[in-house]
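Worksheet for the structure shown next.
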Amino acid sequence: LHPLPPLCAMTETRSFADYQKDKREREWKDKVQAKKESMGNADRVKRSTEFKQIGNEKFKSGNLHEAKDYYREAIVYVEDLVDARRKERNELLVPLYANLAQVYLRLGEHTPAER
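Residue 12 is where the sequence shown starts when you use our numbering, and the numbers rise one by one after that.
Next up, the structure:
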């Protein structure tokens, strides 16, 4: 039998700030997911369109962090729409992803923009 490595070697070391950031991200995703699940497809398209427009306004006025939040949430609402709404989904997702990438680049966050 091989001895087990020390516990610290088995776990990833993260700072408290990284932990808090990951926790906020999980909580945000859970909140948005719950809102999305309470909506029908038409409402999701409507909300996504509204959030895209608000994100565009925030971007134009230089509020990049707020624009990022609106674009991200708009994407969540429509990324898994039913195939019957594929045209609407694609018409929203293409500019949303492009806009979000532009925000990431302007914020100097190149890794998310490359995805």
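Where is the CB? At the ideal position from N, CA and C, for every residue including glycine.
Ranked by Cα distance from LYS79, the options GLU90, LYS63, LEU92 are led by LYS63.
Straight-line measurement puts the Cα of ALA85 at about 8 angstroms from the Cα of LEU107.
When the alpha-carbon of SER59 is set against those of GLN113, ALA28, VAL89, ASN67, the nearest one is in VAL89.
Contact check for LYS69 and TYR81: beta-carbon distance about 6 angstroms, within the 8 angstroms limit, so the pair qualifies. Look at LEU92 here: in three-state DSSP terms it is coil, with no helix or strand label. With contacts defined by Cβ atoms closer than 9 angstroms, VAL56 and VAL87 do not form a contacting pair.
Of the candidates LEU75, LEU104, ALA53, the residue whose Cα lies closest to the Cα of ALA95 is ALA53.
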